[in-house]
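**Student:**
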Amino acid sequence: MDTQDGFKTIKLSIAAPVATLTLARPDALNALDPAMARELHDALSRVEATPSLKALIIRGEGRAFCAGADLRYVESVMKEPRKLKPFIELLNGLFFRLEALPLPVIAVVHGFCLAGGLELALACDLILAADDAQMGDQHANFGLMPGGGATQRLPRKVGYQRAMDLMLTGRRLSGAEAAGWGLALRADPADKLDSELQALLDQLRPKSAESLRRIKTAVHHGLDLPLKDGVVQEIESFVDYLSSHPDPAEGIQAFKERRQPRF
Numbered sequence: 014m015d016t017q018d019g020f021k022t023i024k025l026s027i028a029a030p031v032a033t034l035t036l037a038r039p040d041a042l043n044a045l046d047p048a049m050a051r052e053l054h055d056a057l058s059r060v061e062a063t064p065s066l067k068a069l070i071i072r073g074e075g076r077a078f079c080a081g082a083d084l085r086y087v088e089s090v091m092k093e094p095r096k097l098k099p100f101i102e103l104l105n106g107l108f109f110r111l112e113a114l115p116l117p118v119i120a121v122v123h124g125f126c127l128a129g130g131l132e133l134a135l136a137c138d139l140i141l142a143a144d145d146a147q148m149g150d151q152h153a154n155f156g157l158m159p160g161g162g163a164t165q166r167l168p169r170k171v172g173y174q175r176a177m178d179l180m181l182t183g184r185r186l187s188g189a190e191a192a193g194w195g196l197a198l199r200a201d202p203a204d205k206l207d208s209e210l211q212a213l214l215d216q217l218r219p220k221s222a223e224s225l226r227r228i229k230t231a232v233h234h235g236l237d238l239p240l241k242d243g244v245v246q247e248i249e250s251f252v253d254y255l256s257s258h259p260d261p262a263e264g265i266q267a268f269k270e271r272r273q274p275r276f
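Those letters in the sequence shown? Residues 14 to 276, per this note's numbering, in order.
1) Measuring only the C-alpha atoms, how far is residue 39 from residue 269?
2) Can you list, in chain order, the residues of its chain whose CB lies under 6 Å from that of residue 136, leaving out five sequence neighbours each side?
3) Just checking, does the segment 174–184 make contact with the segment 146–155 on the three C-beta pairs under 8 Å criterion?
4) Residue range of the alpha helix (DSSP H) that residue 129 falls in?
5) Assign residue 248 to buried or exposed, taking buried as 16 or more other Cβ atoms, counted over all protein chains shown, within 10 Å of its Cβ.
6) In whole angstroms, what is the alpha-carbon distance linking residue 118 and residue 61?
7) Who are the Cβ neighbours of residue 233 in its own chain at under 8 Å, not counting the five residues just before and after it?
8) What residues match up with residue 23 in a beta bridge as DSSP calls it?
9) Can the beta-carbon of residue 186 be found less than 7 Å from the beta-carbon of residue 148?
10) Give the DSSP bridge partners of residue 45, in chain order.
11) Comparing C-alpha positions only, which one of 230, 189, 239 and 46 sits nearest to residue 101?
12) Start and end of the alpha helix (DSSP H) containing residue 193?
13) For residue 147, which beta-bridge partners are listed by DSSP?
14) Once you ignore the five residues that flank residue 86 on each side, which residues in its own chain have a CB closer than 6 Å to its CB?
15) Rounded to a whole number of angstroms, what is the C-alpha to C-alpha distance between residue 78 and residue 240?
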């Protein structure tokens, strides 16, 4: 395992084919501030430079996944709110990079996953939640509004009315409720969360990294396209993949020989 040095607010370990990024401000419930946002960008650059990876795990240290933006920092610039804009843009750039990352991103959520923490989780492909996790957008409880994409991603994830319910009331869902809404892939007892994560990773490890990349890229490129245009771009990617990469031929040969593919 390669544990990356030089970070103060996060931890990054790479044990190919999986990388794990841990938010490491437990005393602040892993609240997001400019220093953490910059380190997360740096960590993603290191992940992007490791082509052997097949999954990125994001989790939090201590009692929370992430309780949101660091309100101490927000308060420090309230007299000049425009100073917040670079921080918000940095966070949104991070979330877009997670969505564009050419491998599955899995959020492992326990404890608090609120406001900016929920926005971080929404930028991931899959969410595994502890059944007693607390997930929600609580901006309205304090006279605030989302700035990290919740008004856009949450309705796309759970539908208009449910998203409006969470954002307008500021109430929280348990992990089990979040799974019932489709906000989380599934929820498990907190002490079973790691074993469920490993079961999921065990399904990803034997897959072709290029196949996973192509699938995720096709889905994200097509989300905002009309159906026919999305299918056209899928066909183009399909033909290009079969004609330019060895993994499809290996997969077909393995199927014929009734063995596991060697990717």
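All C-beta atoms in this analysis are idealised placements derived from N, C-alpha and C, irrespective of residue type, glycine included.
**Tutor:** In this structure, then:
1) Locating residue 39 in the sequence shown gives position 26, counting from the first residue. Locating residue 269 in the sequence shown gives position 256, counting from the first residue. Rounded to whole angstroms, the separation of the alpha carbons of residue 269 and residue 39 is 51 Å.
2) Residue mapping note: residue 136 aligns to position 123 of the sequence shown, counting from 1. If we look at residue 136 and ignore the five residues flanking it on each side, its Cβ neighbours are 108, 111 and 112.
3) yes
4) For the purposes of this step, residue 129 is identified with residue 116 of the sequence shown, where counting begins at 1. That run of the alpha helix (DSSP H) goes 129–135.
5) Walking along the sequence shown from the start, residue 248 turns up at place 235. By the neighbour-count rule (16 or more Cβ atoms within 10 Å), residue 248 is not buried but exposed.
6) As a first step, residue 118 must be located in the sequence shown, where it is residue number 105. As a first step, residue 61 must be located in the sequence shown, where it is residue number 48. Rounded to whole angstroms, residue 118 to residue 61 spans 12 Å at the Cα level.
7) On the sequence shown, position 220 is the one that residue 233 refers to. Cβ within range, chain order: 112 and 113.
8) Here residue 23 refers to the residue found at position 10 when the sequence shown is read from its first residue. Paired residue(s): 36.
9) As a working mapping, residue 186 is identified with position 173 in the sequence shown. As a working mapping, residue 148 is identified with position 135 in the sequence shown. Contact flag set, yes.
10) Along the sequence shown, read from residue 1 onward, the residue named residue 45 stands at position 32. According to DSSP, residue 45 bridges with 82.
11) Taking the first residue of the sequence shown as 1, we reach residue 101 at position 88. Nearest option by C-alpha distance: 46.
12) Along the sequence shown, one-based indexing puts residue 193 at 180. From DSSP, the alpha helix (DSSP H) with residue 193 extends over 188–194.
13) Residue mapping note: residue 147 aligns to position 134 of the sequence shown, counting from 1. Note: residue 147 sits in a beta bridge opposite 125 and 187.
14) Within the sequence shown, numbered from 1, the residue matching residue 86 stands at position 73. If we look at residue 86 and ignore the five residues flanking it on each side, its Cβ neighbours are 46.
15) One-based indexing of the sequence shown puts residue 78 at position 65. One-based indexing of the sequence shown puts residue 240 at position 227. Between residue 78 and residue 240, the C-alpha separation is close to 35 Å.
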